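Step one of this worksheet: look at the structure below.
In the working numbering, the protein residues as written are 190 to 1132.
Here is the structure:
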């Protein structure tokens, strides 16, 4: 049966089919669109804000750009730090150390400074100078000129001087990882050290956070001159753009950033962590940074490929952005790291996360493990070192004065640094001078505080060299920069002279050329052979007779003075004959022939134009009662403070006086190193942190134990007290009241016995004090007690930073002064009014006191520094500008020390003598080769 069509039904079915086709098509399109938005590689480009897209592209390009100066940097017309109105300066007739050719280039000529940069140097065409309408001409008169000194490890401003509780900003206690902190944010512009450091030739410093954290934060490079703005920001050199914008967009290359890290004891001690904990903290932090970096790289890869989805979700993280930049190679990473274990950890960390280490700082064992450092990612790190500051903690136990030369021989970049205020950065050049003395080549020694740190910091395109278009940071020196005591006569920063009225002394012609220094090849080899601990015990001469030949002079002591005999004659240098430690004859060979007539084989020591001088005496450090400062088991310890705790009756109660002699340790490395540098005895008081300092002892530094003949020179030398705020004790007036009672009403106890000895004038009262106000009170107290007792009170002031303010009064009162440190520093409020000496003042504190007939001596603060007494004496003599004789300089650390610190029994001691080869005891070109001991009846040889 046929089915007849129903009207309209066919049309309806056709519409239904069309509808289903349309539905399927729409569903397909929707599905495709969903897939496009879900799968990055299948999409099309949605609409986006062009400005936002441009910023995203710029950001991606910026993070991929290497750090460093723009290619057209040296086309600049003026420095970015130029101060409008600064006058152009022409320095003429200069001997210019340019820093070029690995520090070997010296040019005789002129230097033109203008617009904050070096316009020209060497032979300058007159027309170039004439193009400037107003030029200040400075005649250098043939003096040495160098680029400004660059101190690449400093805490200037963050640990300001004088130290006050509200101003210390160098360490955080918030955790081991603090990469987001910035030293800039704590930079104090009122630090008294800025101008002092400039007076030592320092123009640029890297201000680092402290070392309490594994990652302590970001460091910043500053110039030290005072700015019109008086702000930390205005002191910065090429600061990273991140200081004004957390995530910058720039069309110029990123500037170098700096990060401070620390391994080993410091973060472990502060946060009670092991080295394992510290390394995990490092790895965890860098893993977080790596994850962020990878997310950013993936995001930018999509943008590069033209896929712009989720543009509002660029994976930024303000807290970790600095570490992300480390992984991108845009950060100079500086790591406080000492021992081989820590250096090895650090090199593995750099390879695991693929970032280079710019420098390891302190690095006491680096010279023993050069191959470990060579494994650093990208390139071996540079090494930033102290010269002789060592053995203050276990990590520094194997430090060596020969490390700079050894590392340089292995091809490492070596920088000498201050760690200011650990070392006063005013004298960072002194670190280079010591490194030079112990064998670092001349060009590298000078580079180590100028060009090398500039290179390490990534700023060698503008500082560290004298080249056209480099920054106008220069120093004119009064002698060769490696000559001991070299002092600026002018310092320029950004072309601006920094010394308003420079005081400088005329130096001998010998100081205008590079010094000759001794040969220490054997000692340097031994340092490596014995892993930093070579034998130091001197050997006795094999023969009872020792003949010293080629001797220029002989200085010796008696009870009243030091006497000097020249042994030079028409026949040349003289000889000195010693038998069993006693000089038998001195003079010409002919004159002394009789003294050797019956001697078959005397030991012969050629001094090569050297001299024989009194042995030096050290005071002020815990030498002999301390081996490693931070290790209690190696020290005698700190005595009771009877103002803060009850002293046990078993030791005598509150009136007990502890004897340093009872806690002596002999044969310490610091003692033996000092002995090998001409310091033959030391006077040491018990370590203390309060008013009572106990009874000091004088002892021989060469003795192996206290029962050895001559080991103890004076069992009780003096009575020591401190009158200061620094120990956290009671008021100054309370401390003075205690001292008054002790002197006027001695109790029937051990302290009473020794105080009565003071009253009888047989033993000195030694008071550590810095403030001139407290010193004045002590002078008045001395008068008061003497009026009551009718006897003279022997009073010696130690520390004495402000003593120069009372020079006349001290001289009139017969009060002696031991300056400690020998070159003052305003570390605390009580000693802020220092007399800095040339070039800032005509007199040094020493010369000012001596001018008023004050008996003056010098001391040292730390045991490691006792070995440098001879250099301190030379420095003092140079600063005196001819007002101090050679023998007066020797007395500062020998006879004067004993006069001021030891009772009348000291006259029984027959002082040792020291023989130096190649020059006198105070000369940088000399080396101690023997100690002559009359009392012990032998000669120690150190050849």
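All C-beta atoms, glycine included, are put in the ideal place defined by N, C-alpha and C.
Quantities reported herein were computed from a predicted structural model and do not represent experimental measurements.
- DSSP, reduced to helix, strand and coil, places residue 373 within a helical segment of the structure shown.
- Across the set 878, 331, 553 and 483, the C-alpha of 553 shows the shortest separation from the C-alpha of residue 721.
- In this structure, residue 1127 lies near residue 729, with their beta-carbon atoms less than 7 Å apart.
- Between the beta-carbon of residue 427 and that of residue 648 there is about 7 Å, and that keeps the pair under the 8 Å contact cut.
- For residue 466 and residue 474, the gap between their C-alpha atoms comes out near 12 Å.
- Taking 7 Å as the cut-off, the Cβ atoms of residue 1006 and residue 974 do not count as close.
- Residue 388 and residue 776 have their C-alpha atoms spaced approximately 45 Å apart.
- Rounded to whole angstroms, residue 676 and residue 574 show a C-alpha spacing of 22 Å.
- By the beta-carbon neighbour count (other beta carbons within 10 angstroms, threshold 16), residue 483 is exposed.
- Apart from the 5 residues on each side of it in sequence, residue 1070 sits with its Cβ closer than 6 Å to the Cβ of 694 in its chain, given in chain order.
- Burial of residue 535 is indicated by the presence of at least 16 other C-beta atoms within 10 angstroms of its C-beta.
- Check the Cα spacing between residue 572 and each of 646, 430 and 913: the tightest is with 646.
- In the three-state reduction of the DSSP assignment, residue 496 falls in the coil class.
- Here the alpha carbons of residue 705 and residue 669 stand approximately 12 Å from one another.
- For the options 392, 1091, 519 and 1023, the alpha carbon positioned closest to that of residue 687 is the one of 392.
- Within the segment 361–448, the complete alpha helix (DSSP H) runs of at least 4 residues fall at 382–387.
- Residue 988 has 958 and 1008 as its beta-bridge partners, per DSSP.
- Residues of the same chain with a CB within less than 6 Å of the CB of residue 602, apart from the 5 flanking positions on each side, are 571 and 641 in chain order.
- Secondary structure note for residue 943: its alpha helix (DSSP H) is the uninterrupted segment 939–948.
- Annotation for residue 1036: the continuous alpha helix (DSSP H) segment containing it runs 1034–1040.
- Between residue 811 and residue 1052, the beta carbon gap of about 6 Å places them in contact (Cβ cut-off 8 Å).
- With 16 or more other CB atoms across the displayed protein chains lying within 10 angstroms of its CB, residue 957 is buried.
- Per DSSP, the unbroken alpha helix (DSSP H) holding residue 291 starts and ends at 289–292.
- The beta-carbon separation of residue 396 and residue 448, rounded to 13 Å, does not stay under the 8 Å limit for a contact.
- Looking at the backbone, the Cα of residue 329 and that of residue 659 are separated by about 20 Å.
- The beta carbon of residue 650 lies closer than 7 Å to those of 258 and 262 in the same chain, with the five residues before and after it left out.
- DSSP, read as helix, strand or coil, puts residue 849 in helix.
- Spatial neighbours of residue 891 in its own chain (CB-CB distance under 6 Å, excluding positions within 5 residues in sequence) are listed in chain order as 864.
- Residue 559 sits close to residue 599, with the two beta carbons spaced by under 7 Å.
- Counting only unbroken stretches of 4 or more residues, the alpha helix (DSSP H) elements lying wholly within the segment 272–342 are 289–292 and 315–319, in sequence order.
- Distance between residue 1108 and residue 900, taken at the CA atoms: about 29 Å.
- Contact check for residue 343 against residue 394 passes: the beta carbons are separated by less than 7 Å.
- Here the alpha carbon of residue 778 sits roughly 47 Å from the alpha carbon of residue 613.
- When DSSP states are grouped into helix, strand and coil, residue 701 belongs to the helix group.
- For residue 808, the enclosing beta strand (DSSP E) has its first and last residue at 805–808.
- Between the segment 415–424 and the segment 378–386, the count of Cβ pairs shorter than 8 Å is three or higher; the stretches touch.
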